[in-house]
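Worksheet for the structure shown next.
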Amino acid sequence: MWTHAWARALRKNKTLRYGVPMLLLIVGGSFGLREFSQIRYDAVKIKIDPELEEKLKMNKVSLESEYEKIKDSAFDDWKNIRGPRPWEDPQLLQGRNPEFLKTKTT
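According to numbering that gives the first Met the number 0, the residues represented by the sequence shown are 0 to 105, in order.
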């Protein structure tokens, strides 16, 4: 009988029906969000392995050094080759002429 009264009160009272679950969602979400945002701050505090840190310091790559590597390369004879679309067969496209593909698809 006691559960019957609670079920009837839950069905009739809109505050119990909609308000309490909403408040639980807001309060629970607040605690959940706090835990997820704490992960970001904990990740900053993690120390890197000293060996890995030394490797990273030794391997310095800058824009200028990469430019010096490719400065003398000749890009006058390159060809722009279109890759296959998801519905096209990649083996069919290898080494084909684009004009041939236009006539084949139309």
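Using N, Cα and C, we set each Cβ at its ideal position, and we do this for glycine too. None of the values given here were measured: they were computed from a predicted structure.
Comparing C-alpha positions only, which one of the options sits nearest to residue i?
i	options	result
Gly82	Ile38, Gln90 and Arg16	Gln90
Would you mind stating whether residue i and residue j have Cβ atoms separated by less than 9 angstroms?
i	j	result
Ile47	Leu55	yes
Arg10	Arg16	yes
Considering only residues of the same chain and omitting the five flanking positions on each side of residue i, which have a CB-CB separation below 6 angstroms?
i	result
Glu50	none
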